[in-house]
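Notes follow once the structure below has been shown.
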């Protein structure tokens with residue numbers, strides 16, 4: 001039986017997963033899954049430190065030694081990789097919501113700093129964005145006038161959010177007199193003419209882009225990726241499942257740059273059939289062959305801090321049921337998810353469900369004066385204004401389609417209402433994940449679904465798939 005350092009085990013076809021806390025909370029084993037023979041083994045949390053593990057002919061971890069009980073700090077993880085001005089100004093990390101590393105950051109950062117391609121697969125609100133941003137800042141050079149990192153997001157709202165965090169981290173103290181990294185938001189509905197001039201005159205260091213605007217700049221050969229060192233695809237499962245975006249995404253991964261010349265990072269809270277996805281990444285050369293899949297808490301995909309409940313009512317009683325819930329809960333900040341308007345309804349010139357619900361709430365509910373709307377068909381400027389108002393914090397009631405379900409960080413949100421059930425368990429997971437986010441994750445957060453008796457089996461299916469329990473409440 002051969003032996004090699006545990007840090008070299010990632011060259012095998014493994015998925016690294018965190019296991020939930022055991023009876024001993026200070027000892028956290030990790031779960032390794034071998035794709036070749038589907039074997040599973042647990043290894044102590046010393047895996048990122050020099051240790052030795054035995055590897056047999058089946059490529060299966062059997063033992064590991066040198067167990068360490070203490071978790072590293074953000075500074076310890078980033079020391080020697082991330083520029084000093086970010087580490088010294090600790091306030092910056094606190095401003096984006098984290099004072100100590102989360103599980104995904106603790107496990108991902110050593111691998112990301114090594115330059116390995118990576119799939120970040122962890123719960124909503126777990127700190128994936130900060131993990132890949134810190135990795136980007138460890139390799140880019142602000143003095144070089146070239147696009148060195150590209151972050152692709154599915155929506156303008158998520159792009160705005162990621163850009164804000166990146167600029168917060170990139171800002172350098174004036175007394176240092178050093179040039180800061182320039183960060184461009186290349187988002188749908190933006191000023192493409194101004195961005196075109198910027199790209200031509202002095203390319204930014206980092207670009208955060210939606211695929212539509214990105215492809216326009218690439219096709220016009222205004223944006224050049226020859227110097228790109230890091231490519232991040234955020235909410236990757238959503239983008240690959242979108243018929244509008246998948247062809248452009250494949251072209252980006254294969255035609256405009258080569259995986260051999262860049263570090264590729266995929267991130268999402270949900271990656272259905274993740275073993276197959278990992279295989280496809282390597283087979284289609286979206287990533288290099290030694291890519292690592294970091295799956296945090298695979299046996300508990302739904303954050304445990306969320307409380308789930310449901311109300312059964314008649315099909316025409318949803319409005320009144322929602323009104324009763326709002327009056328009873330009196331939420332300070334809440335999101336109400338509504339289904340998108342069907343094409344048939346649009347052709348018939350019917351009012352969209354979001355508009356009907358907002359009109360009802362404005363005339364019937366007095367618990368919140370600030371009722372906002374966010375949906376795909378809104379004018380980009382109106383969408384931007386609504387999202388900006390939400391980001392200011394305070395009390396709000398947001399009525400939204402699933403546009404707000406992916407990656408949007410509104411940490412003050414304590415209540416989620418599914419006015420209509422989502423299409424699948426993945427969408428339920430992302431909707432629920434808008435509540436209970438850091439640094440407000442210690443608040444009691446509730447996810448409530450309004451459904452008919454015929455829809456109860458659908459919610460039960462979600463419970464089984466996502467491993468959570470949902471209690472019935474009576475109005």
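Residue numbers (full-length UniProt numbering): 1 to 475. Think of the CB as a built atom: it goes at the ideal place given N, C-alpha and C, for glycine as much as any other residue. Computed from a predicted model, the values in this text were never measured in an experiment.
Sub-8 Å separation of residue i and residue j beta-carbons
| i | j | result |
| --- | --- | --- |
| residue 227 | residue 108 | no |
| residue 371 | residue 361 | yes |
| residue 321 | residue 192 | no |
| residue 510 | residue 413 | As shown, the chain starts at 1 and ends at 475. That puts residue 510 outside it, with no answer to give. |
| residue 459 | residue 451 | yes |
| residue 121 | residue 271 | yes |
| residue 331 | residue 433 | no |
| residue 336 | residue 277 | no |
| residue 163 | residue 208 | yes |
| residue 400 | residue 375 | yes |
| residue 319 | residue 468 | no |
| residue 85 | residue 172 | yes |
| residue 211 | residue 258 | no |
| residue 479 | residue 358 | Absent from the model: residue 479. The displayed extent of the chain is 1 to 475, so no value can be given. |
| residue 306 | residue 445 | yes |
| residue 123 | residue 409 | no |
Extent of the continuous alpha helix (DSSP H) run through residue i
| i | result |
| --- | --- |
| residue 137 | 128-137 |
| residue 113 | 103-113 |
| residue 274 | 274-283 |
| residue 322 | 318-329 |
| residue 286 | Note, residue 286: premise wrong, no alpha helix (DSSP H); not H, not E. |
| residue 463 | 456-466 |
| residue 246 | 246-254 |
DSSP state of residue i mapped onto helix, strand, coil
| i | result |
| --- | --- |
| residue 475 | coil |
| residue 419 | coil |
| residue 378 | coil |
| residue 268 | strand |
| residue 373 | strand |
| residue 424 | coil |
| residue 55 | Only weak support is given to the placement of residue 55: the predicted model assigns it a pLDDT of 31, under 50, and the value that follows is read from those uncertain coordinates. Residue 55 falls in the strand class under three-state DSSP. |
| residue 85 | helix |
| residue 410 | coil |
| residue 40 | Bear in mind that a pLDDT of 37 at residue 40, under 50, signals an unreliable position, so the model cannot answer this. |
| residue 64 | Because residue 64 sits at a pLDDT of 31, beneath the cut-off of 50, its placement in the model cannot be relied upon, and the point is left open. |
| residue 215 | helix |
| residue 350 | coil |
| residue 73 | coil |
| residue 195 | helix |
| residue 343 | helix |
Neighbourhood of residue i by C-beta distance below 6 Å, restricted to the same chain and skipping five residues each side
| i | result |
| --- | --- |
| residue 387 | 157 |
| residue 462 | 425, 428 |
| residue 563 | Nothing about residue 563 can be read from this structure; the chain reaches only from 1 to 475. |
| residue 235 | 154, 268, 406, 407 |
| residue 397 | 334, 368, 371 |
| residue 380 | 189 |
| residue 479 | Residue numbering for the chain in the displayed model covers 1 to 475; residue 479 lies beyond these limits and cannot be assessed. |
| residue 285 | 259 |
Sheet register partners of residue i (DSSP bridge)
| i | result |
| --- | --- |
| residue 309 | 448, 471 |
| residue 263 | 230 |
| residue 153 | 210 |
| residue 337 | 400, 418 |
Cutoff 7 Å; reference residue i; Cβ partners in own chain excluding five residues on either side
| i | result |
| --- | --- |
| residue 133 | 165, 166, 169 |
| residue 323 | 364, 365 |
| residue 118 | 108, 111, 112, 265, 291, 292, 294 |
| residue 102 | 126, 127 |
| residue 195 | 184, 186 |
| residue 138 | 81, 82, 113 |
| residue 24 | Bear in mind that the predicted position of residue 24 carries a pLDDT of just 44, short of 50, making it unreliable; the figure below should be weighed with that in mind. So the list is empty, once near-sequence residues are dropped. |
| residue 180 | 142, 170, 171, 172 |
| residue 136 | 149, 206, 230 |
| residue 213 | 186, 187, 188, 190, 192 |
| residue 287 | 117, 259, 264, 281 |
N-terminal and C-terminal residue of the beta strand (DSSP E) that residue i is part of
| i | result |
| --- | --- |
| residue 168 | No beta strand (DSSP E) contains residue 168, which is instead part of the alpha helix (DSSP H) from 156-170. |
| residue 239 | Unbroken run through residue 239 is the alpha helix (DSSP H), 236-241; no beta strand (DSSP E). |
| residue 118 | 118-121 |
| residue 183 | 183-186 |
| residue 396 | 396-400 |
Cut-off 8 Å between Cβ atoms - residues of its own chain near residue i, not counting five sequence neighbours on either side
| i | result |
| --- | --- |
| residue 198 | 184, 204 |
| residue 256 | 218, 225 |
| residue 402 | 337, 340, 422, 427, 430, 431 |
| residue 389 | 370, 372, 396 |
| residue 435 | 306, 335, 413, 414, 415, 416, 445, 446, 447 |
Residue i Cβ short of 7 Å to the ligand SAH heavy atom set
| i | result |
| --- | --- |
| residue 399 | The ligand SAH is not among the ligands present in this structure, which contains no ligands whatsoever. |
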